[in-house]
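Beneath this line is the structure, given in structure tokens, with notes to follow.
Protein chains: 2
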Amino acid sequence: MISESEIRRLRRFNRVVTSELGAMDQSFLGRGRPLGLARVLQAIGQGKEELRDLRSYLGLDSGLLSRHLRVLEAEKLVVAAPSQTQDARQKRVTLTDAGHREFDAYEALSDQHAQELLGRSRKRKELLAAIDLISATFGSRQPRIRRAAPTEPDVTYAMGEYTSELSDRFGRSFAVPEMSEAERQDFLPPRGVFLLAVQDNMAIASGGLRPIDQYCAEVKRVWVNPAWRGQGVSRDMMRSLEDEARELGYASVRLDTSRHLQEAVSLYHALGYREIARYNDNPDADHFFEKML
Amino acid sequence: MISESEIRRLRRFNRVVTSELGAMDQSFLGRGRPLGLARVLQAIGQGKEELRDLRSYLGLDSGLLSRHLRVLEAEKLVVAAPSQTQDARQKRVTLTDAGHREFDAYEALSDQHAQELLGRSRKRKELLAAIDLISATFGSRQPRIRRAAPTEPDVTYAMGEYTSELSDRFGRSFAVPEMSEAERQDFLPPRGVFLLAVQDNMAIASGGLRPIDQYCAEVKRVWVNPAWRGQGVSRDMMRSLEDEARELGYASVRLDTSRHLQEAVSLYHALGYREIARYNDNPDADHFFEKML
DNA sequence: ATAGTTATCTGACTTATGTCAGGTAACTAT
DNA sequence: ATAGTTACCTGACATAAGTCAGATAACTAT
Chain A
1 MISESEIRRL RRFNRVVTSE LGAMDQSFLG RGRPLGLARV LQAIGQGKEE
51 LRDLRSYLGL DSGLLSRHLR VLEAEKLVVA APSQTQDARQ KRVTLTDAGH
101 REFDAYEALS DQHAQELLGR SRKRKELLAA IDLISATFGS RQPRIRRAAP
151 TEPDVTYAMG EYTSELSDRF GRSFAVPEMS EAERQDFLPP RGVFLLAVQD
201 NMAIASGGLR PIDQYCAEVK RVWVNPAWRG QGVSRDMMRS LEDEARELGY
251 ASVRLDTSRH LQEAVSLYHA LGYREIARYN DNPDADHFFE KML
Chain B
1 MISESEIRRL RRFNRVVTSE LGAMDQSFLG RGRPLGLARV LQAIGQGKEE
51 LRDLRSYLGL DSGLLSRHLR VLEAEKLVVA APSQTQDARQ KRVTLTDAGH
101 REFDAYEALS DQHAQELLGR SRKRKELLAA IDLISATFGS RQPRIRRAAP
151 TEPDVTYAMG EYTSELSDRF GRSFAVPEMS EAERQDFLPP RGVFLLAVQD
201 NMAIASGGLR PIDQYCAEVK RVWVNPAWRG QGVSRDMMRS LEDEARELGY
251 ASVRLDTSRH LQEAVSLYHA LGYREIARYN DNPDADHFFE KML
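The following block contains the structure:
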């Protein structure tokens, strides 16, 4: 079971992190606005514009939220508008230009704090892996899979991690693939698609689909952040890619992979892919799979 | 430099952890006492008894702390007494029996929360390593080295980690050494000593010294929590052990180690130890060192 | 001995946060 | 059409938290 010392280690972690977060709050107060208002402003800036979302996200009483919004309105940082929904009782608030500036200022403070923390670490890569593992363990439970343009920053991030992992696994350096305009189009409907699994606002997994010919698409660049592995994320990603392929009118998908990525090989077997002969000249691939849709 | 995505990962971590800590606070409120008072009570229970310590630890205004203490006194949870120091103006507060019970109740809540969090993890060992790395990176900077009795829980914890690491390194299972009463005496003055490096109230490194003969002591069980490595902790530990050996009247120290612990071998070289011939029959050792004090 | 400093306490005040009971207008179910 | 419900707002109130200006007694430096 869970030992005394494990509990103490977690509690030490709690103590340490609490004091860091306290420092963060202090820096927010520097803008002369109580924390409650700052939180509301940040939440709105992050797209929580419907009042009901805001209330549930911040856990606020409706009266209190109403009052906070009144203050922010008086400061001309937000404006109220009727909600997008049918219901004319519901409202939404959006940031004014001044509101955006103020929001950006809070974002900059957060970024600065984050940067300062990262700067303290000698072993940044390990630290980030540790941070991700904790985010994965304690974070909200539902990664959401959505389409993404190959040029999005989140895709760039995912591809960076992907190639860095390939480099580790293969023991030699891979470069992030530079895509031509034509290659990017291959990953966009109607020819293909690029998917990201997003949790707590950040990509934790990716996968792409591009045409081989009229009837067959190829699965490429499937990556899952190591901290989220073992929770069925890659399975969900593969299923979503297959769904997309069907919708785009393909009859089958193919993919290649390598003995250096053993979990991948097992996964494809488990998902009903069958091994086929080499269908391309990728020198790093030694396993080839196909699945009829 | 520090990239955009690294900052976002740290901020995601912040978000996730903030909401966990919020849940913790909620559970504290269940005892019908505002957070401020609960914190004071906890701090006193943790040995912050001098008012000045309390103030600086909790960052409280002296007036506010005074009032908080008055409330706790009225509840008969704490009693004030003159400070241990010369200065008759200074005061200290201690928990009454009822105070201890109340403190224990808060401790139980914390433990319960910690346990619940750990229970959520599939990969507990990795999670704890991640937690330690973050504690090491963001925690307070000064590990303190102190003597410890071989029977202390912290020593037991350190030895558990030590043997578990040996098992990993050697690729076979080591058991935590059962010590006879005589062996324990070997690690206690005047014959020897056992040291712990403590940070944020927990052991992060250990080392022991026991007699070989009248003139020479042996360094044993040097362990540093992996999260704290690379910061000179082992160096400090070795220096402290040497100081202790000198004080206990030894003229030299010896130690054995293994090629499986390459950092250890380098460290001993760097600290001025010279390799000598095998001086014992430890089958796991293949390097032997000595240093004149 | 004297002047200045320090540790703690008290009272008065402010601000932040939270709660609750209506109120209005817009909705839903029948 | 009517009764009941819901989303948001307002006013009144309560509690928590923090600030500040003295007051007192005990200290320190000279």
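Residue numbers (the UniProt record's numbering), protein chains in the order written: chain A, 1 to 293; chain B, 1 to 293. Even glycine gets a Cβ: it sits at the ideal position worked out from N, Cα and C.
For residue 210 of chain B, there is no enclosing alpha helix (DSSP H); the residue is found in the beta strand (DSSP E) stretching over 202-211.
When DSSP states are grouped into helix, strand and coil, residue 226 of chain A belongs to the helix group. Interface residue (Cβ-Cβ distance to chain B less than 7 angstroms): residue 13 of chain A is classified as such.
By the 16-neighbour rule on beta-carbons within 10 angstroms, residue 113 of chain B is buried.
Rounded to the nearest angstrom, the Cβ distance from residue 68 of chain B to residue 36 of chain B is 6 angstroms, consistent with a contact under 8 angstroms.
Taking a cut-off of 8 angstroms for Cβ pairs, the segment 136-146 of chain A and the segment 223-232 of chain A touch, as three or more such pairs fall below it.
Under DSSP, no beta-bridge partner is assigned to residue 25 of chain B. According to the DSSP assignment, residue 292 of chain B belongs to the beta strand (DSSP E) that extends over 287-292. Collapsing the DSSP output to three states places residue 82 of chain B in a strand. Rounded to whole angstroms, the Cβ separation of residue 252 of chain A and residue 292 of chain A is 5 angstroms, and the two are in contact under 8 angstroms. Assigned with DSSP and collapsed to three states, residue 176 of chain A falls in coil, not helix or strand. Listed along chain A, no residue sits closer than 7 angstroms to residue 40 of chain B by beta-carbon distance, the nearest being about 15 angstroms off.
The beta carbon of residue 106 of chain B is closer than 8 angstroms to those of 28, 31, 38, 41, 42 and 45 in its chain, skipping five residues each way along the sequence. For residue 176 of chain A, no CB of chain B lies under 7 angstroms from its own CB, so it is not counted at the interface with that chain.
Among the residues facing chain A, residue 75 of chain B is not included, as its CB has no counterpart in that chain under 7 angstroms away. Secondary structure of residue 50 of chain B (DSSP, three-state): strand. When the Cα atoms are used, residue 201 of chain B and residue 184 of chain A turn out to be separated by approximately 54 angstroms. Taking the Cβ atoms as the reference, residue 148 of chain A lies roughly 7 angstroms from residue 195 of chain A, within the contact range of under 8 angstroms.
In terms of CA proximity to residue 273 of chain A, A:256 leads the group A:205, A:256, A:142 and A:5. In the three-state reduction of the DSSP assignment, residue 194 of chain B falls in the strand class.
Distance between residue 175 of chain A and residue 55 of chain B, taken at the CA atoms: about 54 angstroms.
Taken atom to atom, the span from the alpha-carbon of residue 270 of chain B to that of residue 263 of chain B is near 10 angstroms. Bridge partners of residue 89 of chain A according to DSSP: none are assigned. Burial of residue 8 of chain A is indicated by the presence of at least 16 other C-beta atoms within 10 angstroms of its C-beta.
Burial of residue 186 of chain B is indicated by the presence of at least 16 other C-beta atoms within 10 angstroms of its C-beta. Looking at the backbone, the Cα of residue 33 of chain A and that of residue 213 of chain A are separated by about 59 angstroms. Residues of chain A with a Cβ closer than 9 angstroms to the Cβ of residue 151 of chain B do not exist; the shortest Cβ-Cβ separation is about 15 angstroms.
Our two residues, residue 116 of chain B and residue 129 of chain A, have alpha carbons roughly 22 angstroms apart in a direct line.
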